[in-house]
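Reading through the structure tokens given below for one structure.
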Amino acid sequence: VRQDSGGAGCLRDGAARNSFPAAFSAPPPHPDGHQPPRIPAGQMPLHVAVIMDGNGRWAQQRGLSRQAGHQAGAAAVRETVHGALEIGLRHLTLYTFSTENWKRDAEEVDAILDVVRAELTDNPFRDLDVRIRWHGRTGKLPTDISDLLRRRERTTRERTGLTLTMCINYGGRDEITRTAAHLARQVRDGHLHADHISEKDFARHLPHPDMPDVDLLWRTGSEQRTSNFLPWHAAYAELHFTHDCWPDIDRRHLWQAITEYSHRQRHHGATPATTAT
Ligand code: IPE
Ligand code: IPE
Ligand code: MG
């Protein structure tokens, strides 16, 4: 899978990491020894966000329960985090449970939350340079899960390698609505003038003001929609939709997504850059 970049300006900057801070372990290698591609630093996404879809279909295709699909999905999360560390990604955000997922049967909701609880308890990234963050609301979330999430946030907050944001009981419209309410309180209390609220002001009042824009939004499981995921941050994201169901994902799929991203031309509304003459 190693892809050595050739062009001028691309020789020096491979982002893949061969060493990790002494205080942390290196992630376990890919079972077949695959190595990450070298992506020129200027072409690496800063922030990859993933809609991990297809657990149910994966299970159905094998005659298993949906619960088994969610359990298998946890292994793919670990794999993806290991791949993110190896390729030198800074921000990985995973859509784990949406505010809409409460519409599922209580039994399935419990199965998903059981997997979340088990992974947070097992704490597989304990020895890795991974800062864990939680994006979402408390609401109906069992308090032992929100307590575990807060504990993981607290104990990993000094880590500077990969920021892994778990979106749990997360909804994009909920995020925007809560931010608007926050701004309204600021206006009411005289800290802001409604006529002068800028995009920067809005961004500063988001639940995670330091979360960078999403560069690459990847959804597995064949659906081509964003399902209320990070509407503010993904406004200019490159989109990548793939067919594999989430439990079939290994780190090479993340590397492939990043490699394809590295070849995209982004404009952000400007005139496309022309070849210098
Ligand atoms: C994604 O897999 C996991 C969650 C939404 C929690 P699904 O459970 O949506 O799987 P499909 O889309 O039904 O196959
Ligand atoms: C999106 O997947 C939510 C998560 C992956 C957590 P869904 O399977 O819930 O999305 P829809 O319902 O197909 O849009
Ligand atoms: Mg789904």
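Under my numbering, the first residue of the sequence shown is numbered 6, with each subsequent residue one higher.
Note that beta-carbon positions come from the ideal geometry of N, C-alpha and C, so glycine has one too.
All values derive from a computational prediction rather than experimental measurement.
In this structure P147 is exposed. Its beta-carbon is surrounded by fewer than 16 other beta-carbon atoms within 10 angstroms.
Take the alpha-carbon of S151 and the one of R157: they are about 10 Å apart. The stretch 53-60 makes contact with the stretch 222-241: 3 or more CB pairs, one atom from each, lie closer than 8 Å.
Along the stretch 45-119, the alpha helix (DSSP H) occurs as fully enclosed runs of 4 or more residues at 60-66 and 71-92, listed in sequence order. For I254, the secondary structure class from DSSP, reduced to helix, strand or coil, is coil. By the Cβ-count criterion, D220 is buried, with 16 or more other Cβ atoms from all chains shown falling within 10 Å of its own Cβ. When the beta-carbon positions are compared, T264 and P42 come within less than 8 Å of each other. Remark: the C-beta of N106 is in contact range of ligand 2, defined as less than 7 Å to any heavy atom.
Beta-carbon to beta-carbon, R122 and L153 are separated by about 7 Å, close enough to satisfy the 8 Å threshold.
Under DSSP, V135 takes part in a beta bridge, and its partners are L167.
Of the residues D255, G88 and I254, the one whose Cα lies closest to the Cα of H96 is G88.
Looking at the DSSP output, W223 shares a beta bridge with V55 and H245. The three-state reading of DSSP puts I173 in strand, counting E and B together.
No heavy atom of ligand 3 is found nearer than 7 Å to the CB of G74. Rounded to the nearest angstrom, the Cβ distance from D134 to T160 is 13 Å, too far for a contact under 8 Å.
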